[in-house]
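Shown next, in structure tokens, is the structure this report addresses.
Numbering (our numbering), first residue to last: 46 to 418.
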């Protein structure tokens, strides 16, 4: 079985386990909650049902996301997993809001709970099951890079904490005769709503397109610059079309002495190596030509770099090339997102360089701080 098939199989098996465990817990809690008139336990049962539904959506989403690319979706259907997480977040939010409404109604019109030893044992057992389930699902989610599984695992651990609170309220009632059920139900509802909002925020951020993590960015940089012909890697952009489909582009800085054939072979080798090590398909590799035959050009590059990096909001200068015959000079500036006027920053740098090299036409291109390189 290939990596994609193995990943899909693990997600589905883990989700089926989650469905079975949550349905079993929901049934026990519903019966106990109704018999003991405990709104908190009933709400816990409802939460377990929403968790089971979430696991079912995870299975459906994983199946759809694993469909082969087609003419309409040439990069596959992997982003369906993020849409699945979005649906799960909405379900959790709905369950939380519904539970909050029910709790407020119980605060207005209270019902005295009736706990038994069996009730407490069942709630305590549910705590143990949810902790084990949550830790297992979270671990599998991290192993297979599944946002939905990780969210389900976190939710299960949160449920366990909430069940501990329910258990504490039951013991408190038995000892003091004071019922805090409705208020506890409201608190549980708020935590459920908070969990839903966090999953929603994380998923929307993923869909919008997040910055690639620094470790991966620097790893790809080191991978590419390990080639002796490459002086630097810049402008790395990674597009996420699903956990298993990453498409990238970048600029590589190479000597101005290389032939087209040499460049072609180099870029093909880079593409193969990056995919083998990071599973990122580098579909767009462009080149920066670097002066290597002219000591004066090397000195000017250093001079321009010092001028640029002394300017506020400039993080990096790259892509420098000096053409003496055409009297042109070009380079890119990576600018901080906090720069209020990026073109004004470039203009200031250009003017300072031009003051030293008046006979040159200077082209400065602004770049965004897209990756930690």
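Ideal Cβ positions, reconstructed from N, Cα and C, are used throughout, including at glycine. The structure displayed is predicted, hence computed values, not measured ones.
**Prompt:** How about residue 270 and residue 264: do their beta carbons lie closer than 8 Å?
**Reply:** no
**Request:** Specify, as a first and last residue, the run of the alpha helix (DSSP H) that residue 398 falls within.
**Result:** 387-401
**Asked** Looking at the structure shown, is residue 361 part of a helix, part of a strand, or coil, going by DSSP?
**Response** strand
**Prompt:** Are there three or more Cβ pairs, one per stretch, closer than 8 Å when the segment 403-418 is compared with the segment 361-378?
**Reply:** yes
**Asked** Is residue 298 closer than 8 Å to residue 319 when the C-beta atoms are compared?
**Response** no
**Asked** In terms of alpha-carbon separation, which member of 59, 365, 186 lies closest to residue 300?
**Response** 365
**Request:** Indicate whether the contact test is met: 3 or more Cβ pairs, each with one atom in the segment 100-118 and one in the segment 224-231, closer than 8 Å.
**Result:** no
**Asked** So what's residue 366 in DSSP terms, helix, strand or just coil?
**Response** strand
**Prompt:** Taking the alpha-carbon positions, what's the residue 243 to residue 383 distance?
**Reply:** 26 Å
**Asked** Among 224, 217, 167, which one has its Cα closest to the Cα of residue 151?
**Response** 224
**Asked** Which residues bound the alpha helix (DSSP H) around residue 132?
**Response** 125-153
**Request:** Check the C-beta distance from residue 203 over to residue 195 and give it rounded, since I have them as a contact under 8 Å.
**Result:** Actually they do not touch by this definition, with Cβ atoms about 13 Å apart.
**Prompt:** So, is residue 72 buried or exposed, given that buried needs 16 or more other C-beta atoms within 10 angstroms?
**Reply:** exposed
**Message:** Need the endpoints of the alpha helix (DSSP H) that residue 227 sits in, please.
**Reply:** 226-253
**Request:** Determine the DSSP secondary structure at residue 312, reduced to helix, strand or coil.
**Result:** helix
**Request:** Would you mind working out which of 116, 247, 266 sits nearest residue 132, comparing C-alpha positions?
**Result:** 247
**Request:** Going by CA-CA distance only, name the one from 334, 273, 417 that's closest to residue 302.
**Result:** 334
**Message:** Measuring CB atoms only, is the segment 92-102 touching the segment 57-74, in the sense that at least three cross pairs come out at less than 8 Å?
**Reply:** yes
**Prompt:** In whole angstroms, what separates the C-alpha of residue 80 from that of residue 215?
**Reply:** 14 Å
**Message:** Per DSSP, what are the beta-bridge partners of residue 38 in this structure?
**Reply:** This structure cannot settle anything about residue 38, because the visible part of the chain is limited to 46 through 418.
**Asked** Taking the C-alpha atoms as reference points, what is the distance between residue 321 and residue 412?
**Response** 28 Å
**Item:** Bridge partners - residue 19, DSSP secondary structure assignment
**Value:** One cannot answer for residue 19 here, as it falls past the ends of the chain, which runs 46 to 418.
**Prompt:** Would the beta-carbon of residue 295 fall within 8 Å of that of residue 312?
**Reply:** no
**Item:** CB-CB length for residue 352 against residue 394, believed under 8 Å
**Value:** 6 Å
**Asked** Assuming residue 59 contacts residue 185 under a Cβ cut-off of 8 Å, what Cβ separation, rounded to an integer in Å, is found between them?
**Response** 5 Å
**Item:** Outcome for residue 90 when other beta-carbon atoms lying within 10 angstroms are tallied against a minimum of 16
**Value:** buried
**Message:** Please identify the residue among 208, 198, 145, 190 whose C-alpha is closest to the C-alpha of residue 167.
**Reply:** 208
**Item:** Paired residues, beta bridge with residue 334 - DSSP
**Value:** 299
**Prompt:** From the DSSP output, which residues share a beta bridge with residue 376?
**Reply:** 409
**Boundaries (first-last residue) of the alpha helix (DSSP H) holding residue 346** = 340-354
**Item:** For residue 98, three-class secondary structure by DSSP
**Value:** helix
**Message:** In this structure, how does DSSP classify residue 417 when only helix, strand and coil are distinguished?
**Reply:** coil
**Message:** Using a 10 Å radius around the Cβ and a threshold of 16 neighbouring Cβ atoms, would you call residue 403 buried or exposed?
**Reply:** exposed
**Request:** With a cut-off of 8 Å on the beta carbons, I'd call residue 130 and residue 193 a contact; round off their distance for me.
**Result:** 5 Å
**Request:** Please report how far the alpha carbon of residue 293 lies from the alpha carbon of residue 139, in whole angstroms.
**Result:** 37 Å
**Item:** N-terminal and C-terminal residue of the alpha helix (DSSP H) that residue 166 is part of
**Value:** 162-188
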